[in-house]
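Read through the structure below, which is laid out as structure tokens, and then see the notes.
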Amino acid sequence: MAKIAFSDGMVFKGKPLGAEGITSGEVVFNTAMSGYQEVLTDPSYAGQIVTMTYPLIGNYGVNVEDIESRKVFLSGFVVREASEIVSNWRSNGITIDEYLKANNIVGIQDVDTRAITKHIRTAGAMIAVISSGDESDAELVARAKAAPELIGVDLVKDVAESSSYVWQDRGVYNVVVYDCGIKYNILRQLAEVGCKVEVVPATATAAEILAKKPDGVLLGNGPGDPAAVEYVIETVRGLLGKVPIFGICLGHQMLGLALGGKTFKLKFGHHGGNHPVKDLATGKVMIT
1 MAKIAFSDGM VFKGKPLGAE GITSGEVVFN TAMSGYQEVL TDPSYAGQIV TMTYPLIGNY
61 GVNVEDIESR KVFLSGFVVR EASEIVSNWR SNGITIDEYL KANNIVGIQD VDTRAITKHI
121 RTAGAMIAVI SSGDESDAEL VARAKAAPEL IGVDLVKDVA ESSSYVWQDR GVYNVVVYDC
181 GIKYNILRQL AEVGCKVEVV PATATAAEIL AKKPDGVLLG NGPGDPAAVE YVIETVRGLL
241 GKVPIFGICL GHQMLGLALG GKTFKLKFGH HGGNHPVKDL ATGKVMIT
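Using my numbering, the first residue of the sequence shown is number 1, and each one after it goes up by one.
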């Protein structure tokens with residue numbers, strides 16, 4: 001048996017998934033119906049336990065083409081049912097359980113993911129503990145209460161590369177990408193539209209960036225609290241007005257902070273591939 005225990009005392013029981021052991025993290029939910037491998041390897045989920053709302057996960061297996069980073073960064077994985085059957089021509093034949101074991105990720109299955117999602121939606125994202133051991137409910141809740149929150153924590157240093165590298169060495173435009181936990185697919189998209197792409201570590205200075213004479217700078221996605229990554233925000237201030245800048249996810253928030261804005265934590269984050277987005281200029285609503 002496995003359990004997931006929340007810091008507010010709520011406990012759900014299920015079956016073990018992936019590696020044996022115990023893990024803690026901030027529980028969030030993802031509403032995508034596919035793309036679980038991309039979720040698992042997205043550095044933006046570092047420090048978090050991800051609950052998939054779609055009821056069957058793992059049916060098309062995993063492969064080497066769909067990874068978004070060098071490893072699995074999330075802290076835990078929660079699913080209603082983990083498929084034991086893998087069927088897809090791109091799959092390497094490994095089940096989701098085997099993939100989690102290989103990456104030492106503790107998970108839980110056969111739990112009511114709808115109830116967990118409703119709990120987070122009502123009470124807000126909170127810390128929880130997943131365990132495949134024999135600890136009591138009270139012990140696990142106490143562990144969850146004692147686990148650190150993510151506000152004010154710099155998680156970028158745990159996921160970003162420490163040195164620069166060239167993703168694509170030629171192109172019409174020279175784009176420098178800040179690695180705060182960048183996803184490979186963002187780099188692929190830049191390359192596909194004809195950009196030369198160089199990725200630099202989050203500690204790169206404004207002078208180092210400007211010396212590369214970029215046509216644009218991308219502040220990439222990443223995990224955690226944007227206000228905790230003050231060294232990147234300070235660098236962005238040094239780039240403002242000197243080169244075009246755009247941001248995605250954490251990078252967008254850090255750009256806002258560099259321009260004098262404020263950020264605050266949502267009650268629960270928006271994670272998935274099917275969110276409504278309103279164009280304020282036209283009034284049209286599109287689904288991502």
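For every residue, glycine included, the Cβ atom is placed at its ideal position computed from N, Cα and C.
Distance from the CA of Ala204 to the CA of Glu20, rounded to the nearest whole angstrom, comes to 38 Å. If you draw a 10 Å sphere on the C-beta of Arg80, you find 16 or more other C-beta atoms in it, and that means buried. Annotated three-state conformation of Met1 is coil, per DSSP.
In the pairwise beta carbon analysis, the region 246 to 264 is classified as touching the region 222 to 232: at least three pairs are separated by under 8 Å. Just so you know, the alpha carbons of Gly76 and Ala202 end up roughly 25 Å apart. Ranked by Cα distance from Val236, the first of Pro223, Gly224, Gly260 and Asp225 is Gly260.
A distance below 8 Å between beta-carbons, with the five flanking residues on each side excluded, links Lys71 to the following residues of its chain, in chain order: Thr41 and Asn103. Counting C-beta atoms within 10 angstroms of its own C-beta, Val64 has fewer than 16 neighbours from the protein chains shown and is therefore classed as exposed.
In this structure, DSSP gives Leu56 an extended state, which the three-state scheme calls strand. Here the region 82 to 94 does not lie against the region 128 to 145, with fewer than 3 beta-carbon pairs under 8 Å apart. In the structure shown, Asn185 falls within a helical segment according to DSSP collapsed to helix, strand and coil.
Between Ser164 and Glu198, the beta carbon gap of about 6 Å places them in contact (Cβ cut-off 8 Å). Bounds of the alpha helix (DSSP H) holding Asp137 are Asp137 to Ala146. For Asp169, same chain residues with a beta-carbon under 8 Å away, outside a window of 5 residues either side, are Lys196 in chain order. Distance from the CA of Val111 to the CA of Ala2, rounded to the nearest whole angstrom, comes to 9 Å. Counting the other CB atoms within 10 Å of its CB gives Glu192 a total below 16, which places it among the exposed residues.
For the 8 Å CB-CB criterion, Thr51 and Thr117 form a contact. The three-state reading of DSSP puts Ser132 in coil, since its state is none of H, G, I, E or B. In this structure, DSSP gives Asp97 a helical state, which the three-state scheme calls helix.
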